[in-house]
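One point on numbering: in full-length UniProt numbering, the residue at position 41 of the sequence shown is 41, and numbering is uninterrupted.
Where a beta carbon is used, it is the ideal one built from N, C-alpha and C, also for glycine.
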Amino acid sequence: MISMEGKIFIVGIGPGAEEYLTLKAVETVKDSDYTVGSTRAIDLFADVKNTIAFNVKDLVDKLEEGVDLAVSGNSVSILSTGDPGFSGVLNSVLRISTEKGFPHENIEVIPGISSLQLAAARNHIQWDSANVMTFHGRENIEDILEVIDNGKITIALPSRKVKDMAQFLLDNGVSEDRPVTVCERLSYPDERIVATTLKNIASSEFTYMCIMIIGPKNCP
């Protein structure tokens, strides 16, 4: 039988810098019995009890471990980069919780600042009027072709390398002169914002921590 004391908090930690943590996130982690997340995410918090660190290879196993701890009656914070509901761990935790019989009413989502929001802010973009897309973990990126020429700015999390996404667009008829801004490692000391053309992006190297902002068709 599941203890009613057990609780899962899915905590958005923002784009990466400590200054973008919300007070709610800090207090939730401080009060939790266990905190599950990447080492980089856990290190953002100064006051944390028991920790369970994961990487890409053992992510699911560690999420299951966290849910099991909640099933046993513990309070568990599961850290999600950016916002849990946008390219985060929300769906994975909900699926695992369902499989283990942990009630969803005992799960609370603590929203965070997405790197996409920060990219929009850095570039003075009203992002509720943009195409907002994520391709993290997706091999099929054809969906971007359905919106890329609809007259709106497109803000996207690339699936792999930024230059691969740029080359895909070039191969599918998007003009090499289309304006593109790449926001790399937002909120970190080595943050970099590069505004250029699609052609130049296709031959440039960036880290995996990037947002692409693609201007609308015929944008000057």
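| Asked | Found |
| --- | --- |
| Per DSSP, GLU184 is paired with what? | ARG192 and CYS210 |
| Closest to LYS152 by CA distance: which of ASN91, SER92 and VAL132 is it? | VAL132 |
| Tell me whether PRO189 is buried or exposed, calling it buried when 16 or more other Cβ atoms sit within 10 Å of its Cβ. | exposed |
| Could you round the C-beta distance between ILE107 and ILE13 to whole angstroms and report it? I think they count as a contact, below 8 Å. | With 8 Å as the limit, ILE107 and ILE13 do not qualify as a contact, their Cβ atoms being about 17 Å apart. |
| With distances taken from CA atoms, which of PHE168, GLN117, HIS124 and THR181 is nearest ASN140? | PHE168 |
| To the nearest angstrom, report how far apart SER3 and LEU145 are at their CA atoms. | A caution first: SER3 carries a pLDDT of 45, below 50, which makes its placement in the model unreliable, though a value can still be read off. Cα to Cα, the separation comes out at about 48 Å. |
| For LYS163, which residues of its own chain have a beta-carbon under 8 Å away from its beta-carbon, when the five flanking residues on both sides are left out? | ILE201, ALA202, SER203, SER204, GLU205 and PHE206 |
| Start and end of the alpha helix (DSSP H) containing PHE168? | 162 to 171 |
| Rounded to the nearest angstrom, what separates THR154 and THR134 at their Cα positions? | 11 Å |
| Pick helix, strand or coil for THR28, following the three-state DSSP scheme. | helix |
| Does DSSP put GLU176 in a helix, in a strand, or in coil? | coil |
| Kindly indicate which three-state DSSP category LYS62 falls into: helix, strand or coil? | helix |
| From VAL26, THR22, ARG178 and ALA25, pick the residue whose C-alpha is nearest to that of LYS217; which is it? | ARG178 |
| Looking at the structure shown, is residue 221 part of a helix, part of a strand, or coil, going by DSSP? | Residue 221 falls outside the range modelled here, since the chain spans only 1 to 220, and no answer is possible. |
| For ASP31, tell me which candidate among HIS124, LEU69 and ASP47 has the shortest Cα-Cα distance. | ASP47 |
| SER80 by DSSP, collapsed to three states: which one? | strand |
| Does the Cβ of LEU116 have 16 or more other Cβ atoms within 10 Å, making it buried, or fewer, making it exposed? | buried |
| For TYR34, count neighbouring C-beta atoms within 10 Å of its own C-beta (all shown protein chains included) and say buried if the count is 16 or more, exposed if not. | buried |
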